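Novice: A single structure is presented below for examination.
2 protein chains.
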Amino acid sequence: MRMAKGVEWALHTLLNLDMIGGGPVGSGQLAEAHGLSASYLNKQLQQLARAGLVVSVPGPRGGFRLARPLEAITLLDVVEAIEGSTQLFHCTEIRCCGKIGELSPPPTDTCAVNAAMRRAEEAWRQALAAQCLADIRGELDRVPMVRQVVRTVLE
Amino acid sequence: MRMAKGVEWALHTLLNLDMIGGGPVGSGQLAEAHGLSASYLNKQLQQLARAGLVVSVPGPRGGFRLARPLEAITLLDVVEAIEGSTQLFHCTEIRCCGKIGELSPPPTDTCAVNAAMRRAEEAWRQALAAQCLADIRGELDRVPMVRQVVRTVLE
DNA sequence: CGATCCTGGACATGTAATGTCCGTAATATG
DNA sequence: CATATTACGGACATTACATGTCCAGGATCG
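Written out as structure tokens, the structure reads:
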């Protein structure tokens, strides 16, 4: 049970896109900035584009730019864009299988185990939705050099 | 990003062990109850035993029994026993890699991205720890037949 | 027109969950 | 004591999915 690395890549890349300003940046440059695989990061950026978090610009001098300010992008937005779903627990209804399932009447309610796990995940989702990327940028800005280095690397 | 099925198996099996009462039940019977793979469920039960949630009894008429009442077993206990860890996000410190990493001074603080993700996961863990299996049993008991069927199947 | 860059699919690789098998140890029963 | 039953634990095969690569298209700028 482990989140895809693409989430980490996407979060740092979105923060870099913000620090550089408005112009689009190519996926190759964004990959070089953190030593990532260019073609694979490109896949993640396409998912961010489909989710409406970034805008893709084809052609020379093209690339990706933020679709909206970091204040309007939550951690949940990014996780769902990359992972596709934030559902950790998948109920397979084993209460309906085996001997117990055969002897039990077909259930009409939702599985109590499933419901309990979903309640916990909802707390996670809310905590993800309560934090936006601007909050993280605020922490980064307390460290000197960071913004300057990013601008140097991405021109 | 998906939780192991073993967590679902373990939760239902622990609930069954409670409904049957005190005597140990073999992993084969517990697997038949929900149509699960006997040898694989046995692995999960061994992990629950190592975590101290169940007690294993070798020999004929042996099996597994609860180590403590359901009031003292939380969802977090079970998830950690099966998954080994509840850490979803793994920071690979990509801020130290690539061109940005080379130009930046070695960081002394924890990565802000990592910190934010950990805050969200902590909310999840707390929600898991706030629910015990006795709560789920309470919901199950509102459905008729359940307890009776389990006792019939597991003798 | 040609170079650059995104798009999207196909494909290969690596890793972890899932599932099976078998030999060993422990213990209740006859 | 002998045997059957059960847990224990390692080795192995299978499957699913994340990761990574590659290539043929399409869009756009100069």
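So the sequences go chain by chain: A and B.
Read in the numbering used here, the first sequence has 13 at position 13, and its numbers run on one by one without any break.
Read in the numbering used here, the second sequence has 1152 at position 152, and its numbers run on one by one without any break.
Where a beta carbon is used, it is the ideal one built from N, C-alpha and C, also for glycine.
Fair warning: this is a prediction, and the values are worked out from it, not measured in the lab.
Thinking C-alpha only, which one of A:79, A:102, A:110 is nearest residue 47 of chain A?
Specialist: Taking only the C-alpha atoms, the option nearest residue 47 of chain A is A:79.
Novice: By Cβ distance, which residues of its chain are closer than 6 Å to residue 31 of chain A, with the 5 residues on each side in sequence left out?
Specialist: Around residue 31 of chain A: 38, 41.
Novice: For the candidate residues A:72, A:154, A:114, whose alpha-carbon lies nearest to that of residue 130 of chain A?
Specialist: That would be A:72, whose Cα lies nearest to the Cα of residue 130 of chain A.
Novice: If you count every other CB in all the chains shown that lies within 10 Å of the CB of residue 1021 of chain B, and 16 or more means buried, which is it?
Specialist: Flag for residue 1021 of chain B reads exposed.
Novice: Give me, in chain order, the residues of the same chain whose beta-carbon lies closer than 7 Å to that of residue 82 of chain A; leave out the 5 immediate sequence neighbours on both sides.
Specialist: So the list reads 4, 6, 7, 10, 44, 47, once near-sequence residues are dropped.
Novice: Rounded to a whole number of angstroms, what is the C-alpha to C-alpha distance between residue 75 of chain A and residue 1147 of chain B?
Specialist: Their backbone Cα atoms lie some 42 Å apart in a straight line.
Novice: Just grab the DSSP bridge partners of residue 25 of chain A for me.
Specialist: DSSP, once it has assigned bridges, lists A:64 as partnering residue 25 of chain A.
Novice: Rounded to the nearest angstrom, what separates residue 1001 of chain B and residue 88 of chain A at their Cα positions?
Specialist: Near 6 Å, if we compare the C-alpha coordinates of residue 88 of chain A and residue 1001 of chain B.
Novice: Between residue 26 of chain A and residue 63 of chain A, is the Cβ-Cβ spacing less than 8 Å?
Specialist: In this structure, residue 63 of chain A lies closer than 8 Å to residue 26 of chain A by Cβ.
Novice: Is DSSP giving residue 96 of chain A helix, strand or coil here?
Specialist: Helix at residue 96 of chain A.
Novice: Indicate the three-state DSSP secondary structure (helix, strand or coil) for residue 1057 of chain B in the structure shown.
Specialist: Three-state DSSP puts residue 1057 of chain B in a strand.
Novice: What whole-angstrom Cβ distance do residue 1054 of chain B and residue 1067 of chain B have, given they're in contact under 8 Å?
Specialist: At roughly 5 Å, the Cβ-Cβ gap stays under 8 Å, so residue 1054 of chain B and residue 1067 of chain B are in contact.
Novice: Could you check the C-alpha separation between residue 1095 of chain B and residue 19 of chain A for me, to the nearest Å?
Specialist: If I take the Cα positions, the gap works out to 14 Å.
Novice: How is residue 1074 of chain B classed by DSSP in three states: helix, strand or coil?
Specialist: Three-state DSSP puts residue 1074 of chain B in a strand.
Novice: Please look up how many angstroms separate the CB atoms of residue 1103 of chain B and residue 149 of chain A, rounded, as I've assumed it's under 8 Å.
Specialist: That belief holds up - the Cβ atoms of residue 1103 of chain B and residue 149 of chain A are roughly 5 Å apart, short of 8 Å.
Novice: In chain B, which residues lie less than 9 Å from residue 135 of chain A when you measure between Cβ atoms?
Specialist: Simply 1112, 1116.
Novice: Using a Cβ-Cβ cutoff of less than 7 Å, which residues in the same chain neighbour residue 1029 of chain B once the five nearest sequence positions on both sides are dropped?
Specialist: Cβ neighbours of residue 1029 of chain B beyond the five flanking positions: 1154.
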